[in-house]
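These notes concern the structure reproduced below.
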């Protein structure tokens, strides 16, 4: 963030300063005391399992110089009623100062799936061009967005912000913190259907990112997604479309090579740029097309973008990470999260990569509402249609997958049962996909496979 004194922070956020009001914050805002570095502002958040106020001294010892808190704590800082609202206000102020003094471009993206992977690709592309700040992991909510903004400084050329939504108005609020110069909607799927009620409602929520653009800004839209394509009418300025076919600005047909890597021929105007993506999976080809369209909207040259794509490596864990166990089992760890669209894409990747037996270990997809059973059943049917050899279903909520997969399915009531079942039956040459919603913590199963 912009260098700022404790006293000035109090004025910006409407809080009460304590300690040395002339203490200068020169670093970022952080909420994890273990990640504090010299000059940081520690934001003491009270959560369900831990209270940041109990870790203030640890943050100060690590180099933090001030605290944003709900009560006075050791050292210097600012007392506020709501630290979350205060850090958002501080982020608004800091970004406004940076815009006034430098040439920063704010790039924001949203979508039902692929946000973090595209964000990671963009970070890699932009870093080959100029100083870049991008959201860490899936920092895409009311806390993650301002924390990302507060990592930017006067030397930042590209600020890449990922935005998620749990309801109507959420992205509009996030855009009030980091109004985008370039905004992209990747897709609208059934993730969080239980909260929104319909795909159309999800589309309205995602579309708020386009409505936030000034007329001088650029919208980047997936023309292959009907709901996304219709968002073009919400923006009076420049719009760039991308897709695997059709009349689009960036045409990017995707195929998988024999190793399961996505191969694209990016067609921009009359030029073609072939590239192979280091990550495994067809969907990473679509992600690469989206990242390319966004980078073009920002003015980067296609050749520079393609060179960066060819060297991109995964930054966020458990998103189709590929590893091989000591006894020759290939593990596709896609356990970070799951919805019907991403689960289907993962199964397609498994079918394309496996050279021996293909085994899908699938847990529940959460937040699907009344249509949950049907969505799970369809995933089982998809696995069967793709010829997946075994479908190991973990947990009661995922049980309808077994109905769709038929005699290829093995139902396990718990993770422990699934681990024991797999360890007793896997052999060298097998390829195992592991995927479920975040709350299931399927990475524990991956760890057991890798340790065997």
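Numbering (the working numbering), first residue to last: 33 to 484. Glycine residues also receive a C-beta, built at the ideal position from the N, C-alpha and C atoms.
Host alpha helix (DSSP H) of residue 243 (start-end): Against the chain shown, residue 243 aligns to sequence position 211. 231 to 243 is the extent of the alpha helix (DSSP H) around residue 243.
Sequence-distant residues of its chain with Cβ nearer than 6 Å to residue 432 (five each side left out): Against the chain shown, residue 432 aligns to sequence position 400. Cβ neighbours of residue 432 beyond the five flanking positions: 405, 408 and 409.
Any contact of the stretch 175 to 189 with the stretch 351 to 359, i.e. 3+ C-beta pairs under 8 Å? By the Cβ test, the stretch 175 to 189 is not in contact with the stretch 351 to 359, since fewer than three Cβ pairs between them sit closer than 8 Å.
From residue 141 to residue 415, what does the alpha carbon distance come to, in whole angstroms? Within the chain shown, the letter at position 109 stands for residue 141. Within the chain shown, the letter at position 383 stands for residue 415. Between residue 141 and residue 415, the alpha-carbon positions lie close to 30 Å from each other.
Between residue 29 and the rest of its own chain, which residues show a CB-CB distance below 6 Å, the 5 nearest in sequence each way excluded? Outside the displayed range of the chain (33 to 484) lies residue 29, so it cannot be described from this structure.
Note down, one range per segment and in chain order, each alpha helix (DSSP H) of at least 4 residues found wholly within the stretch 317 to 364. Every alpha helix (DSSP H) stretch that sits fully inside the stretch 317 to 364 and reaches 4 residues is listed by chain position as 334 to 341.
According to DSSP, residue 125 sits in a beta bridge with which residue or residues? By 1-based counting over the chain shown, the position of residue 125 is 93. Answer is none; residue 125 lacks a bridge partner.
Looking only at its chain, what residues have a beta carbon closer than 8 Å to the beta carbon of residue 51, apart from the 5 residues adjacent to it on each side? The residue labelled residue 51 in the question sits at position 19 within the chain shown. Sequence-distant Cβ neighbours of residue 51 in its own chain, meaning closer than 8 Å and more than five residues away, are 38, 98, 107, 108 and 109.
Do you know how far the Cα of residue 462 is from the Cα of residue 78? As a first step, residue 78 is located in the chain shown; it is residue number 46 there, counting from the start. As a first step, residue 462 is located in the chain shown; it is residue number 430 there, counting from the start. Roughly 45 Å between the two C-alpha positions.
Apply the 10 Å Cβ neighbour rule to residue 317 and answer buried if 16 or more other Cβ atoms are within range, or exposed otherwise. Numbered from its first residue, the chain shown carries residue 317 at position 285. Residue 317 should be labelled buried.
Can you tell me which residues form a DSSP beta bridge with residue 299? Stepping through the chain shown from its first residue, residue 299 is reached at position 267. Note: residue 299 sits in a beta bridge opposite 283 and 304.
Using only alpha-carbon positions, find the residue among 413, 390, 120 and 157 that is nearest to residue 172. Within the chain shown, residue 172 is the residue found at index 140, counting from 1. Residue 172 has its Cα closest to that of 120, out of 413, 390, 120 and 157.
What are the boundary residues of the beta strand (DSSP E) that residue 254 is part of? Numbered from its first residue, the chain shown carries residue 254 at position 222. Annotation for residue 254: the continuous beta strand (DSSP E) segment containing it runs 250 to 254.
Beta-carbon proximity check, residue 298 vs residue 286, cutoff 7 Å: Looking up residue 298 in the chain shown gives position 266. Looking up residue 286 in the chain shown gives position 254. Annotated as distal: residue 298 and residue 286, with beta-carbon spacing of 7 Å or more.
Quick one, which of 176, 86 and 411 has its alpha-carbon nearest residue 116's? Translated into positions along the chain shown, residue 116 becomes position 84. When each option's Cα is compared against that of residue 116, the closest is 176.
Going by DSSP in three states, residue 453 sits in which element: helix, strand or coil? Translated into the one-based positions of the chain shown, residue 453 becomes position 421. Look at residue 453 here: in three-state DSSP terms it is helix.
Own chain residues within Cβ distance below 7 Å of residue 58, not counting five before or after: Position 26 of the chain shown, counting from 1, holds the residue named residue 58. Same-chain partners within the cutoff: 35 and 71.
Kindly indicate which residue of 440, 471 and 237 has the alpha-carbon position closest to the one of residue 389. If you number the chain shown from 1, residue 389 lands on position 357. Comparing Cα positions, the closest option is 440.
Contact defined as beta carbons within less than 8 Å: I believe residue 260 pairs with residue 364. What is the distance between those atoms, to the nearest angstrom? The residue you call residue 260 lines up with position 228 of the chain shown. The residue you call residue 364 lines up with position 332 of the chain shown. Residue 260 to residue 364, Cβ: 27 Å. No contact.
Taking the alpha carbon of residue 100 as the reference point, which residue from 73, 123, 420 and 246 has its own alpha carbon closest? Position 68 of the chain shown, counted from the start, is the residue given in the question as residue 100. Out of 73, 123, 420 and 246, 73 has the C-alpha closest to the C-alpha of residue 100.
Can you check which of these residues, 460, 418 and 220, is closest to residue 253 by C-alpha distance? The residue given as residue 253 occupies position 221 in the chain shown. Nearest option by C-alpha distance: 220.
Can you give me the C-alpha to C-alpha distance between residue 376 and residue 411, rounded to a whole angstrom? Along the chain shown, read from residue 1 onward, the residue named residue 376 stands at position 344. Along the chain shown, read from residue 1 onward, the residue named residue 411 stands at position 379. Approximately 7 Å between the Cα atoms of the pair.
Inter-residue Cα distance where the pair is residue 212 and residue 41: Position 180 of the chain shown, counted from the start, is the residue given in the question as residue 212. Position 9 of the chain shown, counted from the start, is the residue given in the question as residue 41. Approximately 24 Å, taken between the alpha carbons.
Looking at the structure shown, is residue 147 part of a helix, part of a strand, or coil, going by DSSP? Start at 1 with the first residue of the chain shown, and residue 147 comes out as number 115. It is helical.
Here's the rule: buried if 16 or more other CB atoms are within 10 angstroms of the residue's CB, otherwise exposed. What is residue 236? Residue mapping note: residue 236 aligns to position 204 of the chain shown, counting from 1. Classification for residue 236: buried.
My output table needs one value for residue 171: the three-state DSSP class, helix, strand or coil. Along the chain shown, read from residue 1 onward, the residue named residue 171 stands at position 139. Residue 171 falls in the coil class under three-state DSSP.
Would you mind working out which of 66, 335 and 458 sits nearest residue 96, comparing C-alpha positions? For the purposes of this step, residue 96 is identified with residue 64 of the chain shown, where counting begins at 1. The residue with the shortest Cα to Cα distance from residue 96 is 66.
Compute the distance between the beta-carbons of residue 469 and residue 396, then report whether it is under 7 Å. Along the chain shown, read from residue 1 onward, the residue named residue 469 stands at position 437. Along the chain shown, read from residue 1 onward, the residue named residue 396 stands at position 364. For residue 469 and residue 396, yes; Cβs fall inside 7 Å.
Determine the extent of the beta strand (DSSP E) in which residue 73 is found, giving its start and end residues. What you label residue 73 is simply residue 41 of the chain shown in a count that begins at 1. 73 to 75 is the span of the beta strand (DSSP E), which, as asked, contains residue 73.
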